[in-house]
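To start, the structure itself, in structure tokens.
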Amino acid sequence: MTVIMSKFKSRTFRPKVAWAAKLMSAAACIVAPAPASAHVELGALGGFQSGFVHPIIGADHLLAMLAVGIWGAQMGGRNVWTLPVTFPLIMAFGAIFGMVGLALPNVELGIALSVVVLGLAIACAWKAPEWASLVLIAVFAVFHGHAHGAVLPSAIDPASYAVGFVVATGLIHVVGIGVGLLLLRPWKGRLSQALGGLICLVGVYFAATPLIP
Amino acid sequence: MNPFSAQHAQVGVHVVYIGAILIIFAGAVSLQLLVPIEVVDYVSNGITLPVFRYGLLLSLIACGIALSGRNRPLALVLHLVTLTAATWFGLHWAEPIVLSHKRLSEIIAGYPVLAAAMSMTAGSALLVPFSARKLLLPILSLVGGLGLGLSVILESPYDGDAHWFSWAGGIGGLAIVLSSIILTDAVRQFCAGSWLTIAERILGSWLIAASLMLAALSLQQRPIEIPRLPPVSLGEDNPS
Numbered sequence: 001m002t003v004i005m006s007k008f009k010s011r012t013f014r015p016k017v018a019w020a021a022k023l024m025s026a027a028a029c030i031v032a033p034a035p036a037s038a039h040v041e042l043g044a045l046g047g048f049q050s051g052f053v054h055p056i057i058g059a060d061h062l063l064a065m066l067a068v069g070i071w072g073a074q075m076g077g078r079n080v081w082t083l084p085v086t087f088p089l090i091m092a093f094g095a096i097f098g099m100v101g102l103a104l105p106n107v108e109l110g111i112a113l114s115v116v117v118l119g120l121a122i123a124c125a126w127k128a129p130e131w132a133s134l135v136l137i138a139v140f141a142v143f144h145g146h147a148h149g150a151v152l153p154s155a156i157d158p159a160s161y162a163v164g165f166v167v168a169t170g171l172i173h174v175v176g177i178g179v180g181l182l183l184l185r186p187w188k189g190r191l192s193q194a195l196g197g198l199i200c201l202v203g204v205y206f207a208a209t210p211l212i213p
Numbered sequence: 214m215n216p217f218s219a220q221h222a223q224v225g226v227h228v229v230y231i232g233a234i235l236i237i238f239a240g241a242v243s244l245q246l247l248v249p250i251e252v253v254d255y256v257s258n259g260i261t262l263p264v265f266r267y268g269l270l271l272s273l274i275a276c277g278i279a280l281s282g283r284n285r286p287l288a289l290v291l292h293l294v295t296l297t298a299a300t301w302f303g304l305h306w307a308e309p310i311v312l313s314h315k316r317l318s319e320i321i322a323g324y325p326v327l328a329a330a331m332s333m334t335a336g337s338a339l340l341v342p343f344s345a346r347k348l349l350l351p352i353l354s355l356v357g358g359l360g361l362g363l364s365v366i367l368e369s370p371y372d373g374d375a376h377w378f379s380w381a382g383g384i385g386g387l388a389i390v391l392s393s394i395i396l397t398d399a400v401r402q403f404c405a406g407s408w409l410t411i412a413e414r415i416l417g418s419w420l421i422a423a424s425l426m427l428a429a430l431s432l433q434q435r436p437i438e439i440p441r442l443p444p445v446s447l448g449e450d451n452p453s
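Going down the list, the sequences are from chains A and B.
Position one of the first sequence corresponds to residue 1 (this note's numbering), numbered consecutively onward.
Position one of the second sequence corresponds to residue 214 (this note's numbering), numbered consecutively onward.
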């Protein structure tokens with residue numbers, strides 16, 4: 001017990017835990033008020049601001065994109081940037097599919113599954129081969145892009161809307177990388193894995209919600 | 214002491230940047246004092262135009278980031294001259310050329326096409342390795358300048374004092390590029406190289422993603438659907 005307490009009191013350990021706690025509370029504050037309000041936007045879609053908040057107010061998008069950053073940081077090496085770079089690029093193609101009206105089956109389920117799988121990958125600290133992680137990210141990015149792209153042409157200023165949601169997506173990835181790197185050391189990465197488990201559980205909830213009558 | 218050392222050249226480039234920005238602000242202040250209020254209106258609207266066109270703004274910032282850093286001072290000056298000349302061309306001579314070709318004017322008429330072209334070039338320049346970036350920078354300077362000039366002209370009002378708007382828009386865009394170069398150079402002093410490269414690549418991927426969507430949008434512009442209101446039933450006490 002004394003050893004554990006001394007670890008808590010050590011100068012190198014305590015600030016990181018405090019920061020991690022602050023970050024997790026902030027994330028909880030963002031996610032908690034709207035647990036299942038993904039894609040629910042009342043009124044006409046506007047421009048940049050509307051596009052910017054779209055990935056943030058949808059908890060499923062937010063968690064999946066955050067998970068991409070955390071997983072990349074957890075795997076380390078080139079994965080820190082290859083995953084967050086691949087996601088928006090492929091997401092753009094998904095958005096184009098949505099814009100031209102190309103139907104994609106079970107988009108919402110695909111998005112919920114992305115949260116489950118990415119959360120699980122973080123929870124298991126899966127060091128996937130680079131090609132496998134990129135393929136996985138690419139498949140899920142198509143679903144996320146489709147959901148955004150389907151509503152894009154109806155926006156008042158579609159060009160600014162598109163730029164807004166790409167920037168927000170990228171920023172969530174950057175925050176994810178930051179959180180992932182921050183949680184890499186404390187308890188040998190167990191905190192990061194716990195966060196992944198939590199993300200996975202929320203994903204299961206999203207996937208199961210449409211099935212509950 | 215060698216007066217032409219790399220360090221002196223670097224200091225010289227920074228002096229040129231700061232001088233250019235001071236001239237821009239001095240110009241803006243003197244404009245306010247010397248010219249009529251309508252002209253000040255045009256200038257203020259023009260200078261802030263690139264700030265509120267987010268695709269354009271992002272591309273200009275990326276252009277500045279791509280031009281900053283590991284370039285030789287002479288190469289940087291050449292790129293900036295190309296950018297300025299292309300902006301000048303876009304502001305003054307490109308419009309009649311575009312208007313004289315029906316098909317070209319149809320393509321260019323949409324702001325997303327220009328923003329897409331600029332974002333794609335700027336994003337590619339940031340995403341590729343530095344050796345390949347060197348080859349893309351002249352194209353980026355050209356496309357960036359032309360895109361900026363044409364974007365401003367497309368939004369320019371049609372009356373006697375409109376040239377103030379286009380001038381200010383061009384100067385505002387160039388100021389954004391210059392500020393991005395200075396800020397990136399300043400950040401580079403404090404930030405480890407690999408993290409800055411990662412940030413550049415992530416920004417590059419945003420720009421390419423945005424450009425793909427802007428290009429798709431410009432190919433598939435749908436009219437905004439305005440919901441039809443139900444017919445108004447006139448009351449009996451209102452004979453009209």
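No residue lacks a Cβ here, since even glycine has one placed at the ideal position from N, Cα and C.
What you are looking at is a predicted structure, and each value in this text was computed from that prediction instead of being measured.
Close Cβ partners of LEU181 (chain A) (< 7 Å) along its chain, the five nearest in sequence each way excluded: ALA73
Run the CB neighbour count on THR397 (chain B), radius 10 Å, all protein chains shown included, and call it buried at 16 or more, exposed below. buried
Give the residues of chain B in contact with MET288 (chain A), contact being defined as C-beta atoms less than 8 Å apart. Chain A is shown only over 1 to 213; residue 288 (chain A) falls outside these bounds and no answer can be derived.
At least three beta-carbon pairs within less than 8 Å, the segment 109-120 of chain A to the segment 162-171 of chain A: no
Shortest alpha-carbon distance to GLY145 (chain A) belongs to which of A:ILE156, A:LEU198, A:MET99? A:MET99
So if I threshold CB-CB distances at 7 Å, which residues from the segment 258-278 of chain B count as touching chain A? TYR267, GLY268, LEU271
Looking at the unbroken alpha helix (DSSP H) that takes in LYS188 (chain A), where does it start and where does it end? Premise fails: LYS188 (chain A) is in no alpha helix (DSSP H) and is neither H nor E.
Assign ALA28 (chain A) to buried or exposed, taking buried as 16 or more other Cβ atoms, counted over all protein chains shown, within 10 Å of its Cβ. Residue confidence is low: ALA28 (chain A) scores 46 on pLDDT, short of 50, so the model does not pin down where it sits. No coordinate-derived value is stated.
Quick one: measure Cβ to Cβ for VAL167 (chain A) and TRP408 (chain B), integer angstroms, because I've assumed they're closer than 8 Å. Not really, about 19 Å apart at Cβ, beyond 8 Å.
Is the segment 341-357 of chain B touching the segment 227-235 of chain B in the sense that three or more CB pairs, one from each, lie closer than 8 Å? no
So for TRP126 (chain A), helix, strand or coil by DSSP? coil
Answer with yes or no whether the minimum CB distance from SER160 (chain A) to chain B is below 8 Å. yes
What is the rounded straight-line gap between the Cα of ASP254 (chain B) and the Cα of ILE111 (chain A)? 47 Å
Going by the CB atoms, is the gap between SER114 (chain A) and ALA147 (chain A) shorter than 8 Å? no
Using the beta-carbon of each residue, which ones in chain A are nearer than 7 Å to LEU409 (chain B)? Residues of chain A passing the Cβ test: none, with the nearest at roughly 11 Å.
For LEU134 (chain A), collect the residues of the same chain with a Cβ closer than 6 Å to its Cβ; drop the 5 residues on either side in sequence, then sort them by chain order. THR86
Using only alpha-carbon positions, find the residue among A:PRO84, A:ALA132, A:PRO129, A:VAL179 that is nearest to GLN193 (chain A). A:VAL179
Cross-chain neighbours of GLY164 (chain A) in chain B, by beta carbon under 8 Å: TYR267
Do the CB positions of ALA141 (chain A) and MET91 (chain A) come within less than 8 Å of each other? yes
Keeping to the same chain, check which residues put their C-beta closer than 7 Å to that of ALA138 (chain A); ignore five residues upstream and five downstream. THR86, ILE90
Identify which residue in B:ALA239, B:ILE237, B:LEU262, B:GLN220 has its Cα closest to the Cα of GLN370 (chain B). A quick correction: the sequence has Pro, not Gln, at residue 370 (chain B). The candidate whose alpha carbon is nearest that of PRO370 (chain B) is B:LEU262.
What residues from chain A crowd round ARG414 (chain B), counting only those whose CB sits closer than 8 Å? TRP81, VAL85
Can you list the residues of chain A that ALA381 (chain B) reaches, using a CB-CB cut of under 9 Å? Within chain A, no residue comes near ALA381 (chain B); the closest Cβ sits about 21 Å away, beyond 9 Å.
Just checking: is the beta-carbon of SER418 (chain B) within a distance shorter than 8 Å of some beta-carbon in chain A? yes
If I follow the unbroken alpha helix (DSSP H) through TRP380 (chain B), where does it start and stop? 375-403
ARG435 (chain B) at chain A interface by Cβ criterion, 8 Å: Confidence in ARG435 (chain B) is poor, its pLDDT being 49 and thus under 50, which makes the residue's placement too unreliable to answer from.
Residues of chain A with CB closer than 7 Å to the CB of ALA429 (chain B), please, in chain order. ILE96, MET99
ARG346 (chain B), DSSP secondary structure in three states: helix
Please report the distance separating the alpha-carbon of SER424 (chain B) from that of GLY46 (chain A). 19 Å
Interface residues of chain B facing GLY170 (chain A) [CB-CB closer than 9 Å]: ILE415, LEU416, SER418, TRP419, ALA422
Helix or strand or just coil, what does DSSP make of ASP157 (chain A)? coil
Who are the near neighbours of ALA298 (chain B) in its chain, counting only those whose CB is closer than 8 Å to its CB and skipping five residues on each side? GLY358
Between the CA atoms of GLN402 (chain B) and LEU339 (chain B) - distance to the nearest angstrom: 19 Å
Please report how far the alpha carbon of ILE310 (chain B) lies from the alpha carbon of ALA330 (chain B), in whole angstroms. 18 Å
Using C-beta distances below 8 Å, list every residue in its chain close to PRO210 (chain A), excluding the 5 sequence neighbours before and after it, in chain order. GLU108, LEU109
Is the shortest distance between the beta-carbon of LEU425 (chain B) and the beta-carbons of chain A less than 8 Å? yes
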